[in-house]
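K.L.:
Dumping the structure here so I can ask a few things about it.
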Amino acid sequence: MNRPGFGGGELPAVFPDWSPYQDLESAARAYLRDPDVALDALGGVLRGASVLAFTLERFVNEVNGVWQEVVVCDGSRLILWHGEDVPPGEGPPGSMTSSLRVVPVSSVTEVGCRRRLTRDDDGTVRVDSIDVYLLLTSLDEAPAGEEATGAPRHDALRFGKTLDDGGAGQITRLEEFARLVASVVGRPTL
Numbered sequence: 267m268n269r270p271g272f273g274g275g276e277l278p279a280v281f282p283d284w285s286p287y288q289d290l291e292s293a294a295r296a297y298l299r300d301p302d303v304a305l306d307a308l309g310g311v312l313r314g315a316s317v318l319a320f321t322l323e324r325f326v327n328e329v330n331g332v333w334q335e336v337v338v339c340d341g342s343r344l345i346l347w348h349g350e351d352v353p354p355g356e357g358p359p360g361s362m363t364s365s366l367r368v369v370p371v372s373s374v375t376e377v378g379c380r381r382r383l384t385r386d387d388d389g390t391v392r393v394d395s396i397d398v399y400l401l402l403t404s405l406d407e408a409p410a411g412e413e414a415t416g417a418p419r420h421d422a423l424r425f426g427k428t429l430d431d432g433g434a435g436q437i438t439r440l441e442e443f444a445r446l447v448a449s450v451v452g453r454p455t456l
């Protein structure tokens with residue numbers, strides 16, 4: 267099963283695994299449909315800073331097409347790039363958005379990681395999914411009409427991987443990302 271890609275190319279419904287690649291550029295080129303767009307945007311902010319950890323996500327949405335995300339931690343910032351196809355009728359065919367967000371690590375107040383473990387018939391325990399959240403000091407934007415329905419909620423960044431969506435390698439890499447971010451939260455920046 268293939269899906270049309272940005273620029274008219276065919277996009278496989280099952281994406282290559284980025285987890286074996288330790289450097290951001292190789293992982294992005296293996297996994298993202300638009301690695302040059304992502305790397306150019308990220309490079310403009312990184313400007314030579316070391317990439318300590320990163321995670322990637324990509325999926326196909328029946329309405330909007332391809333959704334892609336890269337999150338990088340350089341020790342003092344989280345740099346998030348997001349690319350998404352524009353829905354049909356909202357722009358010329360093949361249009362996409364490219365967004366960048368920079369979040370200081372000092373604004374992360376909590377890191378949470380939930381692993382779902384399964385036990386094989388032989389007793390071996392393995393992780394079959396992981397959910398990670400980073401709670402931020404900023405407030406979440408409430409949808410119109412919901413401003414008065416409750417207390418303000420803090421913004422959060424959420425990431426997840428399963429054996430079916432990413433595989434064991436990407437589960438491990440997302441857990442490493444969460445541990446790295448957790449290790450720098452609350453430390454003074456130099």
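Residue 267 is where the sequence shown starts when you use our numbering, and the numbers rise one by one after that.
Even glycine gets a Cβ: it sits at the ideal position worked out from N, Cα and C.
If you drop the 5 nearest sequence neighbours on each side, which residues of the same chain put their C-beta closer than 8 Å to that of L402?
P.N.:
Working through the sequence shown from its first residue, we reach residue 402 at position 136. For L402, where only same-chain residues beyond five positions count, the Cβ hits under 8 Å are V369, S373, V374, T375, H420, D421, A422 and L423.
K.L.:
So, is A315 buried or exposed, given that buried needs 16 or more other C-beta atoms within 10 angstroms?
P.N.:
Start at 1 with the first residue of the sequence shown, and residue 315 comes out as number 49. A315 comes out exposed.
K.L.:
My assumption, with CB atoms under 8 Å, is that D300 sits in contact with G349. Please give the rounded CB distance.
P.N.:
In the sequence shown, counting from the first residue as 1, residue 300 sits at position 34. In the sequence shown, counting from the first residue as 1, residue 349 sits at position 83. Confirmed, Cβ separation roughly 5 Å.
K.L.:
Based on the DSSP secondary-structure assignment, which residues constitute the bridge partners of Q334?
P.N.:
The residue labelled residue 334 in the question sits at position 68 within the sequence shown. Paired residue(s): R324 and G349.
K.L.:
What does the alpha-carbon distance come out to for the pair G355 and V329?
P.N.:
Position 89 of the sequence shown, counted from the start, is the residue given in the question as residue 355. Position 63 of the sequence shown, counted from the start, is the residue given in the question as residue 329. Computed Cα separation, rounded: 11 Å.
K.L.:
Whether or not the segment 358–368 and the segment 433–449 are in contact is what I'm after, with contact meaning three or more pairs of Cβ atoms, one per stretch, closer than 8 Å; do they touch?
P.N.:
Contact fails: fewer than three Cβ-Cβ distances are below 8 Å.
K.L.:
If you run the structure through DSSP and keep just helix, strand and coil, what is P270?
P.N.:
Within the sequence shown, residue 270 is the residue found at index 4, counting from 1. Low per-residue confidence applies at P270: pLDDT is 41, beneath 50, and the placement is therefore not dependable, though the value from the model is reported in the following sentence. Three-state DSSP puts P270 in a strand.
K.L.:
Less than 8 Å between the C-beta atoms of V336 and L322, yes or no?
P.N.:
In the sequence shown, the residue the question calls residue 336 occupies position 70. In the sequence shown, the residue the question calls residue 322 occupies position 56. Cβ distance < 8 Å, so V336 and L322 count as in contact.
K.L.:
For S285, count the other beta carbons within 10 Å of its own beta carbon; 16 or more makes it buried, fewer makes it exposed. Which is it?
P.N.:
For the purposes of this step, residue 285 is identified with residue 19 of the sequence shown, where counting begins at 1. Label assigned to S285: buried.
K.L.:
Would you mind sorting R324 into buried or exposed? The rule is 16 or more other CB atoms within 10 Å of its CB.
P.N.:
Taking the first residue of the sequence shown as 1, we reach residue 324 at position 58. Counting Cβ neighbours within 10 Å, R324 comes out buried, since at least 16 surround it.
K.L.:
Does DSSP put Y399 in a helix, a strand or coil?
P.N.:
Your numbering for residue 399 matches position 133 in the sequence shown. Y399 falls in the strand class under three-state DSSP.
K.L.:
Rounding to the nearest angstrom, what Cα-Cα distance links L318 and L400 in this structure?
P.N.:
On the sequence shown, residue 318 is found 52 positions in, with the first residue counted as 1. On the sequence shown, residue 400 is found 134 positions in, with the first residue counted as 1. In a straight line, the C-alpha of L318 is about 17 Å away from that of L400.
K.L.:
For S361, name the three-state secondary structure that DSSP assigns.
P.N.:
Counting from one through the sequence shown, the residue named residue 361 turns up at place 95. Three-state DSSP puts S361 in coil, outside helix and strand.
K.L.:
Along the chain, where does the alpha helix (DSSP H) that runs through T438 open and close?
P.N.:
On the sequence shown, position 172 is the one that residue 438 refers to. Segment G433 to V450, the alpha helix (DSSP H) holding T438.
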